[in-house]
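Undergrad: Before we start, here is the structure in question, set down as structure tokens.
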Amino acid sequence: MEKKRTEAGSTSPRSRDRGRATRRRLIEETARLCKERPGAEVSVAEIANAAGVFPNQVTYHFGSKDSLLVHAAFLGLLHDARRIERIGRQAPDAAAFRRNVARAVLAMPSLPSVARALAAGISKPELAPVVDRHLQLLFRQSERFVSQLIDRRGWRTRRPLSVETRTFWSTALGAVLLVRAGAHGTVADLDLAGALTIHDDSAAGPSD
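End of the sequence shown sits at 240 in this note's numbering; the numbers just go up one at a time, nothing left out.
So this is what it looks like as structure tokens:
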């Protein structure tokens, strides 16, 4: 164990590469465990065992298990978002795009973990910057995707793309937080598609 700590603390390029690989493996294995056991508590020992490292590597690389869980939750969300993009590309028109994307987002397996990550960012201020960095990455990735899609399809939005993506994800994540907090209702009660203003010439599109 002492050897592993000494190697982790080294500043050599080889050691830095090894540290990045360990960090990535911890995030990926945590994301996998959370996906396989939604809603269940995952221990540091389980995470370390799955990643093939010592438990103290979690705190060394992330400071706390909560921080690692935030990273893992958003890794899962970004992976899900890429699948949503594939669904969006298959839509024949803007109305189908709004409908299909909204339905797929609300069914994403990463949402429960992301809801916990957002709650952690609220209750633990030291995690808020971590949550914000991941949200900004999500917004940028989504904005880039929508920009490329509407350019190819000749579609339009009724507001700036940055506002479009933030509004959509804020609505989706807010709905999940409400459910996690105990609010009654179902997915059918939420018009997530209405949070998108993407439209084409075949329809007037959502009202302002």
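Quick reminder that beta carbons are idealized off the backbone N, C-alpha and C, glycines included.
(1) Whose C-alpha, out of F129, G206, L222, V76, is nearest the C-alpha of I182?
(2) Exposed or buried, I154, counting other C-beta atoms within 10 Å across all chains shown (16 or more means buried)?
(3) Which first and last residues belong to the alpha helix (DSSP H) in which V178 is found?
(4) In this structure, does DSSP put R15 in helix, strand or coil?
(5) Within a Cβ cutoff of 7 Å, which residues of the same chain sit near D240, ignoring the five residues on either side of it in sequence?
(6) Whether or not the region 119-139 and the region 92-110 are in contact is what I'm after, with contact meaning three or more pairs of Cβ atoms, one per stretch, closer than 8 Å; do they touch?
(7) Across which residues does DSSP place H231 in a beta bridge pair?
(8) Touching or not, the region 110-128 and the region 82-102, by the rule of three or more beta carbon pairs under 8 Å?
(9) I need the straight-line Cα distance from E60 to R185, nearest angstrom please.
(10) Given a threshold of 16 other Cβ atoms within 10 Å of its Cβ, counted over all protein chains shown, does Q168 qualify as buried or as exposed?
(11) Beta-carbon within less than 6 Å of A83's beta-carbon, same chain only, minus the 5 sequence neighbours each way: which residues are those?
(12) Does the Cβ-Cβ distance between V208 and A147 come in under 8 Å?
(13) Please confirm whether S99 and L159 have their CB atoms less than 8 Å apart.
(14) With a CB to CB cut of under 6 Å and the five nearest residues on each side skipped, what residues in its chain are close to H315?
(15) With respect to the alpha helix (DSSP H) encompassing P144, which residues constitute its N-terminal and C-terminal limits?
(16) Reducing DSSP to helix, strand and coil, say where F94 ends up.
TA: This is what the structure gives:
(1) Mapped onto the sequence shown, residue 182 falls at position 150. Ranking the options by Cα distance to I182, first place goes to F129.
(2) On the sequence shown, position 122 is the one that residue 154 refers to. The residue in question, I154, is exposed, as its Cβ has fewer than 16 Cβ neighbours within 10 Å.
(3) Taking the sequence shown and counting its residues from 1, one reaches residue 178 at position 146. Boundaries of the alpha helix (DSSP H) around V178: 160-185.
(4) One cannot answer for residue 15 here, as it falls past the ends of the chain, which runs 33 to 240.
(5) To locate residue 240, count along the sequence shown from 1; it is residue 208. Its pLDDT being 39, under 50, D240 is placed unreliably by the model, and nothing is read from it.
(6) Contact between the region 92-110 and the region 119-139 is absent, because fewer than three Cβ pairs lie under 8 Å.
(7) Within the sequence shown, residue 231 is the residue found at index 199, counting from 1. Within the DSSP bridge table, the entry for H231 names R188 as partners.
(8) Short answer: they don't touch.
(9) Along the sequence shown, one-based indexing puts residue 60 at 28. Along the sequence shown, one-based indexing puts residue 185 at 153. Each residue's Cα considered, the two are about 35 Å apart.
(10) Numbered from its first residue, the sequence shown carries residue 168 at position 136. Q168 should be labelled exposed.
(11) The residue given as residue 83 occupies position 51 in the sequence shown. Excluding residues within five positions, the ones whose Cβ falls inside 6 Å are R57, L58, E61.
(12) Position 176 of the sequence shown, counted from the first residue, corresponds to residue 208. Position 115 of the sequence shown, counted from the first residue, corresponds to residue 147. Taking 8 Å as the cut-off, the beta carbon of V208 is found closer than this to the beta carbon of A147.
(13) Counted from its first residue, the sequence shown places residue 99 at position 67. Counted from its first residue, the sequence shown places residue 159 at position 127. Cβ distance < 8 Å, so S99 and L159 count as in contact.
(14) This structure cannot speak to residue 315, because the chain is shown only from 33 to 240.
(15) Taking the sequence shown and counting its residues from 1, one reaches residue 144 at position 112. For P144, the enclosing alpha helix (DSSP H) starts and ends at 143-155.
(16) Taking the first residue of the sequence shown as 1, we reach residue 94 at position 62. DSSP places F94 in helix when its eight states are reduced to three.
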